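Taking it in order: structure first as structure tokens, then the write-up.
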């Protein structure tokens, strides 16, 4: 499997994903600078967290219009899996690759802590390493993770099992207190129609090593390697 | 020409920042304040001299970058 990690000015989780992918793949992912409009064929494109372009205007708005995104959209349309984490998720919604928008957290605070997530769909390359109903512990670190979509979009996401992860308590139950940012339907991650694009606010790459306190995130990267060779 | 662009959240989209401002105004003793909505104001110069073309250009900028039309409305004033 070959993978690329996209690097924008202000990305700060690019190297965490690089390390996670390297460990699961046993190979070095390609690091692609945002100004590059072409790069080698890869089986997976990862858009990392951070504050691309300083989050100016809106989180992810500038990065969504950068040259490399045109290439990523074209490849995603051909079926190449694209994983966007945190700011990567914001970039995917801003570029129109995923529906809805990520708004300011309901409590207006930047939240950085471990949360619990329930796996809602595992029939994707990204989540096949999990079982539906698994409760994961993964860190979040964001100010704008409050998922919003209009009623029609929300029903479509729910009806077609396009919600990949939901915020829950440690027992896997949805609860107001377990939702860290006010996201509608406790949504933490969603898939596109073809299920080859996943955006999620939590950071699996930050809990992908026992030495860092947990390996729940590693199962995503191991699952990707199993799915994509 | 100059374009004045207002970007605001659509009706029905919750605005936690607007709510916080509303509460702060209340706590300062300003009563009778309701439905505070926070948005953005963007001003820019255009070399275009035809007002209709300038407006079309500014609208295009809003659609492509300045506003996120999933959650925001925009209005353009050419002066």
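Residue numbers (the working numbering), protein chains in the order written: chain L, 152 to 380; chain R, 5 to 83. Quick reminder that beta carbons are idealized off the backbone N, C-alpha and C, glycines included. These numbers come from a predicted model, not from an experiment.
Do residue i and residue j have their CB atoms nearer than 8 Å?
i, j, result
"residue 75 of chain R", "residue 299 of chain L", "yes"
"residue 280 of chain L", "residue 370 of chain L", "yes"
"residue 347 of chain L", "residue 233 of chain L", "yes"
"residue 375 of chain L", "residue 277 of chain L", "yes"
Could you tell me which chain R residues have their CB closer than 7 Å to the CB of residue i, listed as they occur along the chain?
i, result
"residue 299 of chain L", "17 and 75"
"residue 209 of chain L", "72"
To the nearest whole angstrom, what separates the beta carbons of residue i and residue j, a pair I think is in contact under 8 Å?
i, j, result
"residue 37 of chain R", "residue 59 of chain R", "Going by Cβ atoms, the distance from residue 37 of chain R to residue 59 of chain R rounds to 33 Å, so no, they are not a contact pair."
"residue 308 of chain L", "residue 341 of chain L", "6 Å"
"residue 330 of chain L", "residue 337 of chain L", "5 Å"
"residue 271 of chain L", "residue 314 of chain L", "5 Å"
"residue 353 of chain L", "residue 249 of chain L", "That pair is no contact at about 15 Å."
"residue 185 of chain L", "residue 157 of chain L", "6 Å"
"residue 210 of chain L", "residue 238 of chain L", "6 Å"
"residue 10 of chain R", "residue 83 of chain R", "Not confirmed; about 13 Å, so no contact."
"residue 154 of chain L", "residue 195 of chain L", "4 Å"
Quick one: does the C-beta of residue i sit closer than 7 Å to a heavy atom of the ligand FMN?
i, result
"residue 159 of chain L", "The ligand FMN is absent from the structure shown, which contains no ligand whatsoever."
Could you tell me whether the Cβ of residue i comes closer than 8 Å to any Cβ of chain B?
i, result
"residue 7 of chain R", "As a matter of chain content, chain B is missing from the structure shown, whose protein chains are L and R."
Among the options, which has the Cα closest to the Cα of residue i?
i, options, result
"residue 251 of chain L", "R/63, R/33 and R/72", "R/72"
"residue 243 of chain L", "L/332, L/258, L/222 and L/215", "L/215"
"residue 170 of chain L", "L/182, L/160, L/277 and L/161", "L/182"
"residue 19 of chain R", "R/27, R/35, R/54 and R/42", "R/42"
"residue 261 of chain L", "L/293, L/179 and L/239", "L/293"
"residue 236 of chain L", "L/360, L/202, L/335 and L/188", "L/202"
"residue 254 of chain L", "L/226, L/155, L/212 and L/266", "L/212"
"residue 67 of chain R", "L/197, L/247 and L/188", "L/247"
"residue 166 of chain L", "L/176, L/180 and L/153", "L/180"
"residue 39 of chain R", "R/28, R/48, R/45 and R/49", "R/28"
"residue 266 of chain L", "L/178, L/195, L/328 and L/221", "L/328"
"residue 343 of chain L", "L/209, L/282, L/227 and L/258", "L/227"
"residue 316 of chain L", "L/198, L/335 and L/256", "L/335"
"residue 164 of chain L", "L/363, L/361, L/289 and L/199", "L/199"
In chain R, which residues lie with their C-beta within 8 Å of the C-beta of residue i?
i, result
"residue 259 of chain L", "20, 21 and 24"
"residue 245 of chain L", "72"
"residue 344 of chain L", "Within 8 Å Cβ-Cβ: nothing; residue 344 of chain L doesn't reach chain R, min ~16 Å."
Name the chain R residues whose beta carbon is nearer than 9 Å to that of residue i?
i, result
"residue 225 of chain L", "The premise fails here: residue 225 of chain L is roughly 18 Å from chain R at the closest Cβ pair, so nothing lies under 9 Å."
"residue 255 of chain L", "19, 20 and 21"
"residue 212 of chain L", "69, 70 and 72"
Check whether the stretch 320 to 327 of chain L and the stretch 353 to 368 of chain L are in contact - that is, three or more C-beta pairs closer than 8 Å.
Remark: fewer than three beta-carbon pairs, one from each stretch, lie closer than 8 Å, so the stretch 320 to 327 of chain L and the stretch 353 to 368 of chain L are not flagged as touching.
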